[in-house]
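Note that the protein sequences, when read in sequence, are chains R and L. Quick note on the numbering used here: the first sequence kicks off at 1 and runs consecutively. Quick note on the numbering used here: the second sequence kicks off at 1001 and runs consecutively. Data first, discussion second: the structure below is written as structure tokens.
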Amino acid sequence: DAEITQSPRHKITETGRQVTLACHQTWNHNNMFWYRQDLGHGLRLIHYSYGVQDTNKGEVSDGYSVSRSNTEDLPLTLESAASSQTSVYFCASSDGEKNEKLFFGSGTQLSVL
Amino acid sequence: AQSVAQPEDQVNVAEGNPLTVKCTYSVSGNPYLFWYVQYPNRGLQFLLKYITGDNLVKGSYGFEAEFNKSQTSFHLKKPSALVSDSALYFCAVRDYNAGNMLTFGGGTRLMVKP
Chain R
1 DAEITQSPRH KITETGRQVT LACHQTWNHN NMFWYRQDLG HGLRLIHYSY GVQDTNKGEV
61 SDGYSVSRSN TEDLPLTLES AASSQTSVYF CASSDGEKNE KLFFGSGTQL SVL
Chain L
1001 AQSVAQPEDQ VNVAEGNPLT VKCTYSVSGN PYLFWYVQYP NRGLQFLLKY ITGDNLVKGS
1061 YGFEAEFNKS QTSFHLKKPS ALVSDSALYF CAVRDYNAGN MLTFGGGTRL MVKP
């Protein structure tokens, strides 16, 4: 079955380090997204991509970057991790330009100490 | 910008009773609304959507949602709650002015007690 997987499930890092979270989908979806989930804020969009070589900033993109070199993967990089980036990160994908149904990964719990 | 609000952080209901999880929206133009559910340690799962048509939308796991234009609401409902319905529920709106991104509400935790 097609799926979307995130790795690692849990990550602890130190302030100032570069961290990359992986997202891999086998749905062959063009659209991929990264959200962060924080208590009191729900889900907030970090970055998104509508295809290979396409990346766009979301609501809370500062301190994050993404790259899309193939259809399956959208890695999220924290250039210099900060304690404010401690959060649960979700990757998602959708199969149409109208994003009527998103498929989510199981999330990565990131702690920045 | 399009937005949704979920006024309740938590809803408690007894098993077998009807449940309602509230959502109000603020959009310019026609709203495109969604409900997602998140079970512990899992990603969000799509429940249902309202694009156009009937105001009562049926979705997965026996859930339905009622679209009310005059009250700008899109409440999630289920006639008889199950303990297994306990989860975090998110309302979302699609912002066609921002690349069709989904904007999510803050979430409502549903607790169904036996």
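In this text, a Cβ means the ideal position worked out from N, Cα and C, and glycines have one as well. Note that the coordinates shown come from a computational prediction; the quantities given were computed from them, not determined experimentally.
Under the three-state DSSP convention, the category aspartate 54 (chain R) falls into: strand
Using only CA atoms, which one of R:Gly51, R:Ser111, R:His41 lies nearest to phenylalanine 33 (chain R)? R:Gly51
Let me see if you follow: with CB-CB separation under 8 angstroms, is asparagine 1100 (chain L) close to chain R or not? yes
Can you tell me where the beta strand (DSSP E) with aspartate 38 (chain R) in it begins and where it stops? 31 to 38
Using 10 angstroms around the beta-carbon of serine 1060 (chain L), count the other beta-carbons present and answer buried if the total reaches 16, otherwise exposed. exposed
Is the Cβ-Cβ distance between tyrosine 1089 (chain L) and valine 1037 (chain L) less than 8 angstroms? yes
Alpha carbon to alpha carbon, how far is leucine 1019 (chain L) from lysine 1078 (chain L)? Give it in angstroms, no decimals. 5 angstroms
Within 10 angstroms of its Cβ, does isoleucine 4 (chain R) collect 16 or more other Cβ (buried), or is it exposed? buried
If I measure Cβ to Cβ from threonine 158 (chain R) and keep anything under 6 angstroms in the same chain, skipping five residues before and after, which residues do I get? Only positions 1 to 113 of chain R appear in the structure, and residue 158 (chain R) is not among them; the question remains open.
Along chain L, in chain order, which residues have C-beta atoms closer than 7 angstroms to that of leucine 45 (chain R)? Met1101
Given a threshold of 16 other Cβ atoms within 10 Å of its Cβ, counted over all protein chains shown, does alanine 1065 (chain L) qualify as buried or as exposed? buried
State the CB to CB distance for the pair glutamate 72 (chain R) and threonine 26 (chain R), rounded to an integer number of angstroms; the pair is presumed to be in contact (CB under 8 angstroms). 7 angstroms
Segment limits, beta strand (DSSP E) that includes phenylalanine 1046 (chain L): 1044 to 1050
On the CB-based measure, 16 or more other CB atoms within 10 Å of its CB, does alanine 1014 (chain L) come out buried or exposed? exposed
Under 7 angstroms between beta-carbons, which chain R residues line up against glycine 1043 (chain L)? List them in chain order, please. Phe90, Phe104, Gly105, Ser106, Gly107
Using beta carbons (cut-off 8 angstroms, strictly below), is glutamate 100 (chain R) in contact with chain L? yes
Cβ neighbours of serine 87 (chain R) in the same chain (closer than 7 angstroms, five flanking residues each side left out): Arg36, Gln37, Asp38, Leu110
Kindly provide the ranges of any beta strand (DSSP E) runs that are 3 or more residues long and lie completely inside the region 1069 to 1095 of chain L, ordered along the chain. 1073 to 1078, 1087 to 1095
Let me make sure I understand the geometry here. Which of R:Gln18, R:Asp1, R:Cys23 has the alpha-carbon closest to that of tyrosine 89 (chain R)? R:Cys23
Environment of aspartate 62 (chain R) [buried if 16+ CB atoms lie within 10 Å]: exposed
What do you reckon, are the CB atoms on threonine 1108 (chain L) and valine 1004 (chain L) nearer than 8 angstroms? no
Below 8 angstroms between beta carbons: does that hold for histidine 1075 (chain L) and valine 1027 (chain L)? no
Buried or exposed for aspartate 1009 (chain L), going by 16 or more other Cβ atoms inside 10 Å? exposed
Determine the burial state of asparagine 31 (chain R): buried for a count of at least 16 other Cβ atoms within 10 Å of its Cβ, exposed for fewer. buried
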